[in-house]
Amino acid sequence: GPYINYIVLFGLKTGNKGLCGRPLLPCRYTRPPLVTVFLLALTVLAVLVLITVFLSVCILGRRQRQGQTQTHDHGHGLGVIYGQPEQHSEKSSQDSKVYRKLANEAVQRDSSAAALSEGAHSPDEDKRGDQRKLHFVRNDQERFTLQDMLRASAEVLGSGGFGSSYKAALSSGRAVVVKRFRFMSNIGREEFYDHMKKIGRLSHPNLLPLVAFYYRKEEKLLVTNYIPNGSLANLLHANRTPGQVVLDWPIRLKIVRGVTRGLAYLYRVFPDLNLPHGHLKSSNVLLDHDFEPLLTDYALVPVVNREQSQQFMVAYKAPEFTQQDRTSRRSDVWSLGILILEILTGKFPANYLRQGKGADDELAAWVESVARTEWTADVFDKEMKAGKEHEAQMLKLLKIGLRCCDWDIERRIELHEAVDRIEEVDRDAGGGQESVRSSYVTASEGDHRSSRAMTEEFSLM
Numbered sequence: 001g002p003y004i005n006y007i008v009l010f011g012l013k014t015g016n017k018g019l020c021g022r023p024l025l026p027c028r029y030t031r032p033p034l035v036t037v038f039l040l041a042l043t044v045l046a047v048l049v050l051i052t053v054f055l056s057v058c059i060l061g062r063r064q065r066q067g068q069t070q071t072h073d074h075g076h077g078l079g080v081i082y083g084q085p086e087q088h089s090e091k092s093s094q095d096s097k098v099y100r101k102l103a104n105e106a107v108q109r110d111s112s113a114a115a116l117s118e119g120a121h122s123p124d125e126d127k128r129g130d131q132r133k134l135h136f137v138r139n140d141q142e143r144f145t146l147q148d149m150l151r152a153s154a155e156v157l158g159s160g161g162f163g164s165s166y167k168a169a170l171s172s173g174r175a176v177v178v179k180r181f182r183f184m185s186n187i188g189r190e191e192f193y194d195h196m197k198k199i200g201r202l203s204h205p206n207l208l209p210l211v212a213f214y215y216r217k218e219e220k221l222l223v224t225n226y227i228p229n230g231s232l233a234n235l236l237h238a239n240r241t242p243g244q245v246v247l248d249w250p251i252r253l254k255i256v257r258g259v260t261r262g263l264a265y266l267y268r269v270f271p272d273l274n275l276p277h278g279h280l281k282s283s284n285v286l287l288d289h290d291f292e293p294l295l296t297d298y299a300l301v302p303v304v305n306r307e308q309s310q311q312f313m314v315a316y317k318a319p320e321f322t323q324q325d326r327t328s329r330r331s332d333v334w335s336l337g338i339l340i341l342e343i344l345t346g347k348f349p350a351n352y353l354r355q356g357k358g359a360d361d362e363l364a365a366w367v368e369s370v371a372r373t374e375w376t377a378d379v380f381d382k383e384m385k386a387g388k389e390h391e392a393q394m395l396k397l398l399k400i401g402l403r404c405c406d407w408d409i410e411r412r413i414e415l416h417e418a419v420d421r422i423e424e425v426d427r428d429a430g431g432g433q434e435s436v437r438s439s440y441v442t443a444s445e446g447d448h449r450s451s452r453a454m455t456e457e458f459s460l461m
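Going by the UniProt record's numbering, the first residue of the sequence shown is number 1, and it counts up by one from there.
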């Protein structure tokens with residue numbers, strides 16, 4: 001012990017003149033117990049673990065938010081779901097920068113055009129000057145310049161495989177949608193101008209009119225009016241907001257009827273096009289203030305590059321293309337059938353809009369699941385809030401949708417048959433509006449059967 005050591009040291013010092021001073025006191029330092037060291041290490045480790053978990057949660061949350069944004073984008077086309085702008089995302093920021101870049105380039109081209117106008121210039125210079133301006137295809141719309149449009153405050157509405165879409169608020173107070181396409185080089189400049197002008201001449205209550213276009217070899221801009229109600233996809237699948245109108249059965253039937261009428265009109269005015277629409281899906285159906293549907297992005301197959309058409313456009317997801325590498329005028333009917341099932345069930349067939357092999361198999365399973373479900377009120381979207389008196393009409397429309405997207409193209413009904421049957425459901429529901437049958441004419445018109453005969457066949461489906 002310390003006392004024994006002290007006595008020993010005192011004894012050694014006695015009689016030894018070489019040693020002086022008092023003996024050293026015993027050392028007060030003691031080694032800390034192992035328990036204390038262990039607790040300190042454990043505390044440091046726990047702090048490090050908490051920091052790691054916190055950072056992981058932050059990263060996963062950010063990725064999840066980005067994934068949800070991509071899901072709402074539908075993966076293809078312009079990815080527009082009106083009413084769901086991609087705010088505060090990296091993609092939105094990039095698209096805004098692209099729009100600003102377009103605006104700066106427009107200002108520079110404007111200055112160059114002014115310099116060219118001061119003297120005589122060649123036909124090539126005239127052509128370049130012509131490409132620097134916005135081309136209006138309708139006379140019933142307010143005119144504005146490309147610079148006015150690109151200098152306006154812009155909001156990114158969506159982006160996808162084709163390009164990006166923006167809402168531009170002009171100084172006059174008018175709002176337009178600018179769609180920037182990256183893959184529209186399938187035809188030459190003159191053919192592109194002619195096709196856009198033909199689209200501009202179209203007039204139907206269920207088509208969103210093209211207002212203007214801008215042509216550059218690298219990119220194209222298409223301008224339409226902004227529709228505040230947004231898209232059908234947004235109202236069917238986005239999170240509900242306070243005061244948002246629920247799509248009940250009468251509204252959904254009205255939407256199906258209008259979509260079918262608009263598609264029938266496109267079939268009539270584009271008899272030589274294999275795919276008069278080509279990209280029919282719920283995000284390409286806008287709804288006006290009365291919930292009348294307006295088709296968008298129609299008749300673009302001739303101008304879009306073939307590779308991108310096959311990769312992104314909905315009609316190329318039809319089984320006849322995925323299995324036999326061909327499309328027909330029944331391919332748009334297939335898209336219509338998928339849309340009808342989506343409207344009635346409230347289920348979003350996201351997989352069939354995805355890229356990659358196997359998507360068609362997943363869609364087939366989706367359609368099959370609808371077909372095999374016990375056909376009671378449970379198969380329909382609960383938000384339709386339809387009464388018992390409407391169940392027979394809803395079942396009829398469901399059967400029409402399944403016939404439209406029959407996997408066997410030979411068994412799939414023609415558009416004029418779908419039109420007649422949907423108009424019949426509308427009459428049963430008390431729609432009482434004029435038939436659209438006269439707006440659709442086919443080569444087999446003489447073989448068309450009576451409505452009564454078709455009704456009898458329908459009852460056997």
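Think of the CB as a built atom: it goes at the ideal place given N, C-alpha and C, for glycine as much as any other residue.
By a beta-carbon distance limit of 8 Å, Ser282 does not contact Leu341. Their separation comes to about 11 Å. Glu155 is bridged by DSSP to Lys167. Here Asn139 is exposed. Its C-beta has fewer than 16 other C-beta atoms within 10 Å. Spatial neighbours of Gln141 in its own chain (CB-CB distance under 7 Å, excluding positions within 5 residues in sequence) are listed in chain order as Val211. Judged by pairs of C-beta atoms under 8 Å, the stretch 296 to 309 touches the stretch 259 to 277, as three or more such pairs exist. When Cβ pairs closer than 8 Å are counted between the two stretches, the stretch 324 to 339 is seen to touch the stretch 412 to 431, the count reaching three or more. About 16 Å separates the beta carbon of Leu146 from that of Phe181, a gap too long to meet the 8 Å contact definition. Under the DSSP definition of a beta bridge, Asn284 lacks any partner. Looking at the DSSP output, Arg180 sits in a beta bridge with Ser164 and Leu221.
Within the same chain, Phe380 and Leu398 come within 6 Å of Leu344 by CB-CB distance, once the 5 residues on both sides are set aside. The count of Cβ pairs closer than 8 Å, one atom from the stretch 212 to 221 and one from the stretch 261 to 273, stays below three, leaving the stretches out of contact.
Cα atoms of Ala386 and Glu292: separation of roughly 19 Å, rounded to the nearest angstrom. For secondary structure counted as the alpha helix (DSSP H) over 4 or more consecutive residues, the stretch 255 to 310 holds no complete run. In this structure, Leu339 is the residue among Leu339, Leu266 and Val304 with its C-alpha nearest to the C-alpha of Asn284.
Taking Val367 as reference, the option from Leu170, Asp406, Gly258 and Ser171 with the minimal CA-CA separation is Asp406. In the three-state DSSP reduction, Tyr226 falls in the coil class, being neither helix nor strand. DSSP, read as helix, strand or coil, puts Ala238 in coil.
Taking the Cα of Arg427 as reference, the smallest distance to any Cα among Lys396, Ala318 and Arg403 is reached at Lys396. Excluding its 5 nearest sequence neighbours in each direction, Tyr193 has C-beta neighbours in its own chain below 8 Å: His135 and Tyr215, listed in chain order. Where Phe192 is concerned, the enclosing alpha helix (DSSP H) starts and stops at Arg189 to Gly200. For Leu210, the uninterrupted beta strand (DSSP E) run begins and ends at Leu210 to Tyr215, by DSSP.
Exclusion of the five residues before and after Leu287 leaves Ile227, Asn229, Gly230, Ser231, Leu232, Leu235, Ile255, Pro293 and Leu294 as the residues of its chain whose Cβ lies within less than 8 Å of its Cβ. Leu402 is the residue among Ala41, Asp290 and Leu402 whose C-alpha sits nearest the C-alpha of Ala418. Comparing alpha-carbon positions, the option among Lys317, Val304 and Val370 lying closest to Met184 turns out to be Val304. Val156 places its beta carbon 8 Å or farther from that of Ala168.
When the Cα atoms are used, Thr52 and Leu45 turn out to be separated by approximately 11 Å. The criterion of a C-beta distance shorter than 8 Å is not satisfied by Pro205 and Thr224.
One thing to note: Val178 has its Cβ no nearer than 8 Å to the Cβ of Met196. If you look at Gly173, you'll find it isn't in any alpha helix (DSSP H); DSSP assigns it neither H nor E. Pairing Leu253 with Glu383 gives a Cβ-Cβ distance that is not under 8 Å. If you look at Gln324, you'll find it in the alpha helix (DSSP H) that goes Pro319 to Gln324.
Sorting Gln311, Ser328, Arg326 and Glu424 by C-alpha distance to the C-alpha of Gly161 places Gln311 at the top.
Shown here, Phe136 sits in a strand according to DSSP, grouped into three states. Taking each of Arg326, Glu320, Asp325 and His390 in turn and checking the Cα distance to Asp408, the smallest one comes out for Glu320.
Rounded to whole angstroms, Ile199 and Ser171 show a C-alpha spacing of 27 Å.
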